[in-house]
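Trainee: Before I ask anything, here is the structure I am working with.
Encoded structure:
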């Protein structure tokens with residue numbers, strides 16, 4: 002099992018800080034969750050039904066009816082190597098580690114953002130996160146379309162994980178779903194703050210969706226999760242307010258880090274910082290009850306959004322106490 006953010010109980014035990022006293026900035030999940038209405042008793046009692054309107058709601062929200070609902074994007078990430086052909090696989094690195102883990106049997110080539118172009122003609126499958134998690138790297142849509150066209154012309158595949166794309170819907174490739182050689186993954190967890198519901202969507206040609214559905218089996222997405230997702234995807238007023246709130250929070254976090262001499266980059270939901278002393282800073286913050294996401298190769302930290310003014314104040318105090326002028330960016 003790979004390491005992920007959000008292991009708050011483990012951190013509480015390790016550092017001796019009560020669970021309720023933590024500020025968890027480690028996940029990149031919105032601290033403001035969609036307020037799911039009470040789930041009717043019948044939803045708990047009946048098996049999930051795929052004609053409940055969820056696919057139509059997802060098509061309207063994301064921009065394509067070429068959709069398969071799954072239990073978060075993770076099952077799709079794990080299953081895609083079983084349904085996509087291609088021996089030569091390239092993955093953006095650093096990136097969401099589950100992608101490389103899923104493709105490990107094909108010995109994928111790991112490339113940084115500057116190397117993707119050079120690797121394309123030697124790749125049958127290119128896997129990207131857009132915007133990238135954790136680095137925040139963002140590729141222009143026209144460049145992605147060019148890469149997809151070049152791969153598709155020779156039967157290759159572009160796989161784009163858009164887990165953090167909700168605040169910039171105009172950049173999404175989902176409206177092009179159904180084209181040969183294109184797979185786009187989306188997740189309800191980050192923007193809607195509903196990671197515990199485990200809801201995701203795969204946008205891909207019909208044959209890929211059918212193969213994934215066969216591989217994953219029936220009832221992959223629980224009925225209450227479908228209920229929550231249906232309401233979240235159709236509440237356009239809440240979505241507009243959430244987008245504005247996250248944009249403001251992301252800009253505030255970026256300014257706060259910059260004001261403390263930290264160069265940061267990222268989408269609305271997180272900021273990524275290269276820092277040679279990442280391990281030491283992570284430890285210092287944890288001892289103050291603030292959990293960050295630490296990366297070792299290269300050494301870096303990811304800061305998620307504080308949920309309220311108390312959490313903002315604690316973050317600012319920790320930055321003042323735990324950073325010093327001798328600390329250097331990587």
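Numbering (the numbering used here), first residue to last: 2 to 331. Every residue gets a Cβ at the ideal spot worked out from N, C-alpha and C, and that includes glycine. A quick note: this is a predicted structure, and the numbers were derived from the prediction, not measured.
What is the rounded straight-line gap between the Cα of residue 212 and the Cα of residue 206?
Mentor: Cα-Cα distance, rounded: 10 Å.
Trainee: Is it the case that the Cβ atoms of residue 171 and residue 152 are separated by a distance below 7 Å?
Mentor: In this structure, residue 152 does not lie closer than 7 Å to residue 171 by Cβ.
Trainee: Taking 7 Å as the cut-off, decide whether the C-beta atoms of residue 195 and residue 72 are in contact.
Mentor: No. Outside cutoff.
Trainee: Ordered along the chain, which non-local residues of its own chain (more than five positions away) have a Cβ less than 7 Å from that of residue 66?
Mentor: Same-chain partners within the cutoff: 60.
Trainee: Can you tell me which residues form a DSSP beta bridge with residue 110?
Mentor: Residue 110 is bridged to 91.
Trainee: Spatial neighbours of residue 224 within its chain, please: CB distance less than 6 Å, with the 5 preceding and 5 following residues excluded, ordered by chain position.
Mentor: For residue 224, where only same-chain residues beyond five positions count, the Cβ hits under 6 Å are 44, 49.
Trainee: Closest to residue 142 by C-alpha separation, out of 169, 119, 134, would be which residue?
Mentor: Per the Cα distances, 169.
Trainee: With 16 other CB atoms within 10 Å as the buried threshold, where does residue 221 fall?
Mentor: Residue 221 is buried by the Cβ-count criterion.
Trainee: Quickly, what does DSSP pair residue 126 with across the bridge? List them, please.
Mentor: DSSP, once it has assigned bridges, lists 90, 158 as partnering residue 126.
Trainee: Can you tell which of 234, 228, 26 has the C-alpha that lies nearest to the C-alpha of residue 193?
Mentor: Taking only the C-alpha atoms, the option nearest residue 193 is 234.
Trainee: Would you tell me roughly how many angstroms separate the C-alpha atoms of residue 248 and residue 257, rounded to the nearest one?
Mentor: Going from the Cα of residue 248 to the Cα of residue 257 covers about 14 Å.
Trainee: Looking at the structure shown, is residue 74 part of a helix, part of a strand, or coil, going by DSSP?
Mentor: Correct three-state label for residue 74: helix.
Trainee: Would you mind giving the Cβ-Cβ distance between residue 57 and residue 202, rounded to the nearest angstrom? I have them listed as a contact below 8 Å.
Mentor: With 8 Å as the limit, residue 57 and residue 202 do not qualify as a contact, their Cβ atoms being about 12 Å apart.
Trainee: State the Cα-Cα distance for the pair residue 294 and residue 74, rounded to the nearest angstrom.
Mentor: Approximately 20 Å, taken between the alpha carbons.
Trainee: Should residue 237 be labelled buried (16 or more other beta-carbon atoms within 10 Å of its own) or exposed?
Mentor: Answer is exposed; the Cβ neighbour count stays below 16.
Trainee: Quick one: grab the DSSP three-state call for residue 224.
Mentor: Reduced to three states, the DSSP call for residue 224 is helix.
Trainee: Rounded C-beta distance between residue 90 and residue 117? I'm assuming under 8 Å.
Mentor: Residue 90 to residue 117, Cβ: 13 Å. No contact.
Trainee: Given a cut-off of 7 Å, decide if residue 12 and residue 292 are closer than it, judged by their beta-carbon atoms.
Mentor: A contact, by the Cβ cut-off of 7 Å.
Trainee: Going by Cα to Cα distance, which pick from 123, 187, 98, 226 is closest to residue 47?
Mentor: Nearest of 123, 187, 98, 226 to residue 47, Cα basis: 226.
Trainee: To which residues of the same chain is residue 112 closer than 6 Å at the C-beta, ignoring the five residues directly before and after it?
Mentor: Excluding residues within five positions, the ones whose Cβ falls inside 6 Å are 91, 120.
Trainee: Leaving out the 5 sequence neighbours to the left and right, which residues in its chain are closer than 6 Å to residue 316 when beta-carbon positions are compared?
Mentor: Within the same chain, residue 316 has close Cβ partners 307.
Trainee: Distance check for residue 102 and residue 9, CA to CA, integer angstroms please.
Mentor: Cα to Cα, the separation comes out at about 23 Å.
Trainee: Assign residue 147 to one of three DSSP states: helix, strand, or coil.
Mentor: Three-state result, residue 147: helix.
Trainee: Does DSSP put residue 200 in a helix, a strand or coil?
Mentor: If DSSP states are grouped into helix, strand and coil, residue 200 belongs with coil.
Trainee: How big is the Cα-Cα spacing for residue 304 and residue 230?
Mentor: Their backbone Cα atoms lie some 26 Å apart in a straight line.
Trainee: Nearest to residue 108 by CA position, among 88, 41, 320, 25, is which residue?
Mentor: With distances taken between Cα atoms, residue 108 lies closest to 88.
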